[in-house]
Amino acid sequence: MRLLLIGPPGGGKGTQGERLSAALGVPHIASGDVLRAEAAAGTPLGRRAARFMERGELVPDAVIIEALTPRLSGGFILDGFPRNLGQAEAVDKLVTFDAVIHLPVREPELMRRLLARAAVEGRADDTRTVIRHRLRVYAEQTAPLIEHYRRMGVLVERSGEGDVEAITASVLSAIRPLSTRS
Ligand code: AMP
1 MRLLLIGPPG
11 GGKGTQGERL
21 SAALGVPHIA
31 SGDVLRAEAA
41 AGTPLGRRAA
51 RFMERGELVP
61 DAVIIEALTP
71 RLSGGFILDG
81 FPRNLGQAEA
91 VDKLVTFDAV
101 IHLPVREPEL
111 MRRLLARAAV
121 EGRADDTRTV
131 IRHRLRVYAE
141 QTAPLIEHYR
151 RMGVLVERSG
161 EGDVEAITAS
171 VLSAIRPLST
181 RS
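Following the numbering used here, the numbering of the sequence shown begins with 1 at its first residue and continues without gaps.
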């Protein structure tokens, strides 16, 4: 099963990615986590990426494609990559998604969740100014992927607001029929 999660920062992709991974028995691959691990390890790729991440900018396509494409074998739940149309074109040449799951969440709720996360996790890019910028980057660069995958006929949309378990159940009910296809 090859799934892609699309949703705004703070929209619950990470939480749902972990839950879907446990339910479906395929790894959850979160591009932000991969980049943060590279940055923490001080690799050249991580150091390059960190400069963009701190500002809430997307890292250059070549950097993220180099970091993520070697991981795209077998089944997976991809979270956060591709994040713009250029990346999607590269990924679409390598992978056919069984479903692309869009989890929309309204902006005041996103701000509330991200500021709460900042207090708990202390992520460098969870400050109010950088959050605003990340939301703008999402609207301008990532949201066009929703139409892209709708046109390809693989888009599944489920609200990302409300009870975490109910959201997982709703996504699973949409995609379970796909896992029985040959
Ligand atoms: P996330 O944990 O998904 O919110 O990602 C944190 C940061 O990592 C983003 O704000 C970007 O700077 C960077 N990042 C993650 N995925 C990508 C991607 N596919 N393309 C470019 N930058 C990315």
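Ideal Cβ positions, reconstructed from N, Cα and C, are used throughout, including at glycine.
Boundaries of the beta strand (DSSP E) harbouring V100: 99 to 102, taken from the DSSP string.
Here DSSP, grouped into helix, strand and coil, assigns F52 to helix. Apart from the 5 residues on each side of it in sequence, M1 sits with its Cβ closer than 6 Å to the Cβ of L24, V26, G75, D98, S179 in its chain, given in chain order. Partner residues in a beta bridge of H133, as assigned by DSSP, do not exist. Spatial neighbours of I29 in its own chain (CB-CB distance under 6 Å, excluding positions within 5 residues in sequence) are listed in chain order as R71, F76, L78. Annotated as distal: G46 and G80, with beta-carbon spacing of 7 Å or more. I6 places its beta carbon 7 Å or farther from that of H148.
Between A88 and L135, the CB-CB gap reaches or exceeds 7 Å.
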